[in-house]
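Just so you know, the protein sequences line up as chains A and B, in that order.
Numbered per the working numbering, the first sequence spans residues 18 to 380.
Numbered per the working numbering, the second sequence spans residues 357 to 469.
Where a beta carbon is used, it is the ideal one built from N, C-alpha and C, also for glycine.
These numbers come from a predicted model, not from an experiment.
Notes follow once the structure below has been shown.
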Amino acid sequence: MSAACTCHHRHSIFCILPPHMLDAMARNGSPAQRAAALNTLASDQTFRALRANLAGRPLPLARRRGATSPQQRPARTIYSAGNKEVLPGRIVRTEQDGPTGDEAVDEAFDGLGQTLDFYASAFDRNSIDDEGMPLDATVHYGDSYDNAFWDGRRMVFGDGDAELFNRFTIALDIIGHELAHGVTEDEGGLIYAHQSGALNESLSDVFGALIRQSQPGRLQTAEEADWLIGTGLFTDRVQGKALRSMKEPGTAYDDPVLGKDPQPGHMDRFVNTNRDNGGVHINSGIPNRAFYLAATALGGHAWEKAGRIWYETLRDSRLRPNTGFSRFARLTIDVAGRLHGSASTEKAAVVQAWSEVGVLRTS
Amino acid sequence: MEIEFEMEGGLAHMPGLACPVVIAPDRLPEAEAQAIRDQVAAAQFFDRPVQGGAPPGRGADRRSYILTITEGTRRRTLVVAEPIEDEALRCLVRLIEVQARAARRRGAGGQPP
């Protein structure tokens, strides 16, 4: 069992075959032809997603004007899907309502509030679109649904299967992670495939982690933080501590059912695969560790320096939808120089961080 | 009938969950096997195009599924992206997912359901 193909070979003929021929080969071909055709179809899925992103760009979120004044916290609305796969579901809590006693509902409501407060206080950002966009989230999605996602308009959380996963609202950094996908999308987006997709994932982990570290009354410095993503999500039956480790990618879990955490922390172990949209949840370990290294080198609260540099990079007009690790690294270095000076220790720390994970190669 | 099931992507994309699982309905209790056969028919699985759902241009952390079903001389593979709008196909994916979970538990040394 392996996480992904690390030595991917694809016959060139599959690059030019139309889908209906691949379809036929997938159904009627020899085992080798089937495997190759299916691999190509999976890859095609990735590239179709890529094209869809490009074709639609710029695709800023539909603005809902006049939602709030800059001083007001954007309105939160929590829906319940009632354990069906319907969106958005029925409204179960709004700003006018108190706690419901339903853990998932109240965690989502509070988590969105903490996330909004973080963006406002750390980056002076007013909601996902910086224009006070009201936030919607759906909980109790699906039956024993082991996932949470951003659907382009709202955050969606499953209850977990109670065997491997608890409810997905249990971890504040997961709520922050999903909302951060909305922020990334609003800022122009990083195509959700391959290196740009891994950066997209990494940015969600970064801001999710910072939100957890900045909880009022439980503030953590970069040195104090555990840099784990999704603590509490696993049930007691799982041999693991979290979904991912930004500090030590590849060490978050090692479980008979889930397998071993496949994340690399260095470019030498970059995983080439067409699965998982080109390994977006796998190779995000590399930029995740770069952020951890920069944040701990700079010390203090990670959102104040490293977080600000990464956030300004996300907003930088030079960040293209297909930006890869190397370009992103150069942009963070440039932004660090702009914010703190070209000879600053901050810029040097960012250079060192990307060098340590092998994204910046020094000859 | 034989079913090969793969799941990939999602916030919790993990190698153990992404690993293909083969399910033989004939080896399941009759009621479960019949439910799967009925849903394969209801979803008109063998009459669908290979791409069972277009990947969305926006959003993140959504999962997709690859289902290959062999029945006699017929064999078909569908790639299905979430959210699965088609109810019959969604029910089929969830039915098979339940069996895949049980198979993974057995493979990991857990107790059969």
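- Between the stretch 410 to 428 of chain B and the stretch 437 to 446 of chain B, the count of C-beta pairs closer than 8 angstroms reaches three or more; the two stretches touch.
- Shown here, residue 133(A) sits in a helix according to DSSP, grouped into three states.
- Between residue 98(A) and the set 154(A), 128(A), 143(A), 114(A), the nearest pair of CA atoms involves 154(A).
- In the DSSP assignment, residue 351(A) falls within the unbroken alpha helix (DSSP H) covering 342 to 357.
- DSSP, reduced to helix, strand and coil, places residue 167(A) within a strand of the structure shown.
- Taking a contact as a CB-CB distance under 8 angstroms, the pair residue 92(A) and residue 186(A) does not count as one, their CB atoms being some 19 angstroms apart.
- Beta-bridge partners assigned by DSSP to residue 363(B): 421(B).
- Nearest to residue 351(A) by alpha-carbon distance, out of 325(A), 269(A), 117(A), 276(A), is 325(A).
- Take the alpha-carbon of residue 255(A) and the one of residue 359(A): they are about 46 angstroms apart.
- Residues of chain B whose Cβ lies closer than 7 angstroms to the Cβ of residue 279(A) are, in chain order, 371.
- Rounded to the nearest angstrom, the gap between the Cα atoms of residue 181(A) and residue 251(A) is 6 angstroms.
- In the structure shown, residue 399(B) falls within a coil segment according to DSSP collapsed to helix, strand and coil.
- Rounded to whole angstroms, the separation of the alpha carbons of residue 205(A) and residue 335(A) is 11 angstroms.
- C-alpha of residue 133(A) to C-alpha of residue 296(A): approximately 29 angstroms in a straight line.
- With a threshold of 8 angstroms between beta carbons, residue 385(B) makes no contact with chain A.
- Across the stretch 163 to 186 of chain A, CB contacts with chain B closer than 9 angstroms involve 163, 164, 165, 166, 167, 168, 169, 170, 173, 178, 180, 181, 182, 185, in sequence order along the chain.
- Counted as a single uninterrupted DSSP element, the alpha helix (DSSP H) harbouring residue 309(A) occupies residues 302 to 315.
- At a cut-off of 8 angstroms between beta-carbon atoms, residue 404(B) makes no contact with chain A.
- Straight through space, the alpha carbons of residue 461(B) and residue 427(B) are spaced by roughly 25 angstroms.
- Closest option to residue 164(A), judged by alpha-carbon separation, among 188(A), 200(A), 135(A): 188(A).
- When Cβ-Cβ separations below 8 angstroms define contact, residue 209(A) makes contact with chain B.
- Each residue's CA atom was taken as its position, placing residue 261(A) and residue 144(A) some 26 angstroms apart.
- The DSSP-derived three-state label of residue 221(A) is helix.
- Flagged as an interface residue toward chain B: residue 292(A), by a C-beta distance shorter than 8 angstroms.
- The straight-line gap separating the alpha-carbon atoms of residue 443(B) and residue 396(B) is approximately 12 angstroms.
- In the DSSP assignment, residue 156(A) forms a beta bridge with 97(A).
- For the C-beta of residue 160(A), the chain B residues within less than 8 angstroms are, from N- to C-terminus, 450.
- Note on geometry: alpha-carbon atoms of residue 119(A) and residue 286(A) lie some 43 angstroms from one another.
- Boundaries for residue 184(A): no alpha helix (DSSP H) harbours it, and the DSSP string shows neither H nor E there.
- Classified as exposed, residue 138(A) has fewer than 16 neighbouring CB atoms from the shown chains inside 10 Å of its CB.
- With its beta carbon at least 8 angstroms from every one in chain A, residue 428(B) lies outside the interface.
- By the Cβ-count criterion, residue 179(A) is exposed, with fewer than 16 other Cβ atoms from all chains shown falling within 10 Å of its own Cβ.
- Against chain B, the beta carbon of residue 276(A) has neighbours under 9 angstroms at 370, 371, 372, 373, 374, 375, listed in chain order.
- Beta-bridge pairing by DSSP links residue 235(A) to no other residue.
- A distance below 7 angstroms between beta-carbons, with the five flanking residues on each side excluded, links residue 399(B) to the following residues of its chain, in chain order: 444, 445, 448.
- In the displayed model, residue 299(A) falls within coil according to three-state DSSP, outside both helix and strand.
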